[in-house]
Amino acid sequence: MKYRTASRMHQNKNQNIYKQHVPVLLNEVLQYFDPKPGESYLDLTAGYAGHAEAITERTGSLTSTTLVDRDSNAIAVLKETYGDTGPTLLHTDFLHASEQLLSEGKRFDMILADLGVSSPHLNEDTRGFSLQGQGPLDMRMDQEQSITAATILNTYKEQDLADLLKRYGEEPKARQIAAGIVQARPLTNASELATIASSAWPGHSRVHPATRTFQAIRIAVNDELGLLEKSLPLWMKLLNPGGRLAVISFHSLEDRIVKRAFKEACGSGYDAELVELTKRPVTASSNEIVTNPRARSAKLRVSQRK
Ligand SMILES: C[S@@+](CC[C@H](N)C(=O)[O-])C[C@H]1O[C@@H](n2cnc3c(N)ncnc32)[C@H](O)[C@@H]1O
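Numbering (the working numbering), first residue to last: -4 to 301.
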């Protein structure tokens, strides 16, 4: 292989970023994809190429690989890793990337979407994703986007905020938290938001009391569910005959959308375009969860074009 291997990747200046993200359900993805030499691969959420590297090691074909990410840090690291002669890199969200690839007539043997944020997002305080952080209220995956968490928290009407916390966070105390946010305006950093959300839940709980609030604001800032819903039918169209589509989701709102889209496409009739390879979502083993706690909520669903 011409591109740098993981061990060489670790030697360069971004080495800390690489080390932070461990791909989830990697063995399971490889098992369902069963990559063959020469097969093409589209990674819609390439991040730091954890999955991509393992898959392209098996296909041996970087030129038929396309890596997409909406985060400019991830794209910069991918450029540094692969240089100009490797895979096609697309810095955009996966809906735009899918529309572009379809219009160019591209098709793939394997397509992966490993949804949500990467470990560097959570570990870099300046991004504002972390519940424990002191960072600004940002939460954008695409740093060029204009709407940030601060825009939503400081300008939305109280009722709209409450609706958003209920819909995207399934937060039972949505109204109380929305009122606290409006009263504390202007909010400037993530710790203020964590304090307001936590004050609605006095006492101890297993999960950080601000988890649902952060999830809701992050989903809204990045339009995560809207993009997923619109993109799934396009991903199915981008599959070659025999091609496999795998989606890893991290919460029930995402998984519901994936489950429904797969069910519609796979149906029960002989004329369905796809077959579902995972009758139930695949989850991480207890061993993986011990070494990579992010895997705890991961759910993998895979389908295949006939
Ligand atoms: C869970 S990480 C993927 C990690 C990757 N599979 C790996 O092993 O390194 C998700 C990545 O997808 C990107 N992302 C999330 N939603 C996206 C979207 N709608 N379009 C493009 N990229 C997206 C994020 O910026 C992040 O880098």
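We put the CB at the ideal spot given by N, CA and C, even for glycine.
9 Å Cβ cutoff met for residue i and residue j
i, j, result
"P18", "D104", "no"
"K294", "T278", "yes"
"A41", "V63", "yes"
"E139", "I176", "no"
"E224", "A260", "no"
"L229", "L97", "yes"
"I172", "A157", "yes"
"R239", "S114", "no"
"Q127", "N184", "no"
"P82", "T51", "yes"
"R296", "E271", "yes"
"R213", "V112", "yes"
Of the listed residues the options, nearest to residue i (C-alpha basis)
i, options, result
"L101", "D250, D88 and L37", "Reading the sequence as shown, one finds Lys at residue 101 and not Leu. Nearest option by C-alpha distance: L37."
"H16", "F28, A47 and P32", "A47"
"L39", "I106, I50, S98 and L73", "I106"
"L248", "R289, K161 and R180", "K161"
"D88", "D250, Y265 and N217", "N217"
"A211", "A144, E99, D79 and L295", "A144"
"T80", "S56, S200, S226 and I252", "S56"
"T60", "N235, E34 and R213", "E34"
"Y43", "T58, E75 and F28", "E75"
"T273", "I243, Y265 and L234", "I243"
"G303", "G164, L21, Y27 and R53", "Outside the displayed span of the chain (-4 to 301) sits residue 303, for which this structure offers no information."
"S332", "I214, P181 and A169", "For residue 332 there is no data in the structure shown, the boundaries of the chain being -4 and 301."
"R275", "H86, T286, E283 and S298", "S298"
"N235", "G164, R300, S93 and H86", "R300"
"L269", "G237, N287, S292 and F245", "G237"
"A189", "F245, S93, G123 and D266", "G123"
"R180", "P30, I147, R291 and Y27", "I147"
Reduced DSSP secondary structure (H/G/I, E/B, other) of residue i
i, result
"G237", "strand"
"T61", "strand"
"G123", "coil"
"T309", "Lying outside -4 to 301, the shown extent of the chain, residue 309 is not represented and no answer is given."
"A108", "strand"
"Q299", "strand"
"N118", "helix"
"Q15", "helix"
"D155", "helix"
"E268", "coil"
"K168", "coil"
"N287", "coil"
"Q6", "Low local confidence applies: a pLDDT of 41 at Q6 is under 50, so the model's placement there is unreliable, with the coordinate-based value given in what follows. DSSP places Q6 in coil when its eight states are reduced to three."
"K294", "strand"
"P131", "strand"
Exercise for review: Check whether the region 197 to 209 touches the region 65 to 76, counting contact only when three or more Cβ pairs, one atom from each stretch, lie closer than 8 Å.
Suggested key: In short, these stretches do not touch, since the Cβ pair count stays below three.
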